[in-house]
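Report on the structure given below.
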Ligand SMILES: [Zn+2]
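Residue numbers (our numbering): 2 to 283.
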């Protein structure tokens, strides 16, 4: 079955009808229409929390559509500036909704907008790494994989977010998870793979400027590939500029099939096997 391992169907982008996609026959909201298309495909979707509130929302979606939707809970590195990470609060949330939660994240390091987050890079770095380590502890507590978010700084004098994450994962000896929307170098990809991590491929693989991601997809072992949308963001080239939604993850699968000379069915099957192995979906 087609599995989108990274979406945000709880986000406000799905609150209102738009004009770029056919509405559902019942005329309900964009969220209802998007969910209906997922269910009728049929496919499975992991919705990803970015803070405590959105983690509650993705759990509610998973509990409303068991077997189709699953939840990942965590604090995104950008959101960690306005909010502190309360491990007890997240731990209690998971314990109460254990069936719905299949991963921790998205968590990691994001140095892209660091200057908007604080005037001192050292402080930004310290807080992000601390929140990331706490989420590794949470993942360990429940034996769950990590969904890793990384974004490089625009300034070349700043450390690589990927390298710093790899260092932390090595120091913590945590070996289960996915580098979501992977956009690092081949060398960094190899380090994640050596750690036992999976690589997540999004619509970027279909973009004209996606050469580096296509190169990674060529070298990634077939048992470590996952496909994802990051919906509502990163719509594949065929839908560029529109609101992304989980059914479009098929475009990512099609591109991998083309790059590797596999059939589309084979890509859907192998990525589903990988997702099941990592996230224990049922
Ligand atoms: Zn995301």
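Just so it is clear, CB atoms sit at the ideal spot from N, CA and C, and this is done for glycine as well. Since the model is a prediction, treat every value here as computed from it, not as a measurement.
Listed by position along the chain, the residues with Cβ atoms less than 6 Å from a non-hydrogen atom of ligand 1 are 7, 9, 49, 107 and 231.
The beta carbon of residue 111 sits closer than 6 Å to those of 78, 79 and 152, all from its chain and outside the five residues before and after it, given in chain order. Rounded to whole angstroms, the separation of the alpha carbons of residue 204 and residue 144 is 29 Å. By the CB criterion at 9 Å, residue 169 and residue 193 fall outside the cutoff. In the structure shown, residue 212 falls within a helical segment according to DSSP collapsed to helix, strand and coil. Per DSSP, residue 6 is one residue of the beta strand (DSSP E) stretching across 3 to 8.
The Cβ atoms of residue 160 and residue 154 sit closer than 9 Å to each other.
Boundaries around residue 73 are those of the beta strand (DSSP E), 70 to 74, since no alpha helix (DSSP H) includes it. In this structure, residue 102 lies near residue 72, with their beta-carbon atoms less than 9 Å apart. Residue 108 is bridged by DSSP to 149. Put simply, the region 182 to 200 touches the region 210 to 225. At least three CB pairs are less than 8 Å apart. Here residue 282 carries a coil assignment [DSSP, helix/strand/coil]. Residue 125 and residue 230 have their C-alpha atoms spaced approximately 28 Å apart. DSSP, read as helix, strand or coil, puts residue 234 in coil. In terms of CA proximity to residue 245, 9 leads the group 9, 3 and 88. As computed with DSSP, residue 180 is found in a beta bridge with 149 and 200.
Counting along the chain, residue 250 sits inside the alpha helix (DSSP H) bounded by residues 250 to 261. Approximately 6 Å separates the beta-carbon atoms of residue 198 and residue 179; this is inside 8 Å, confirming the contact. Look at the region 113 to 146 and you find no whole run of beta strand (DSSP E) that is 3 residues long or longer. Here residue 171 carries a helix assignment [DSSP, helix/strand/coil]. In the three-state reduction of the DSSP assignment, residue 100 falls in the coil class. About 31 Å separates the beta carbons of residue 176 and residue 208, which is beyond the 8 Å limit, so they are not a contact pair.
In this chain, the beta strand (DSSP E) harbouring residue 46 covers 44 to 49.
Cβ-Cβ separation between residue 92 and residue 142: approximately 6 Å, consistent with a contact (criterion under 8 Å).
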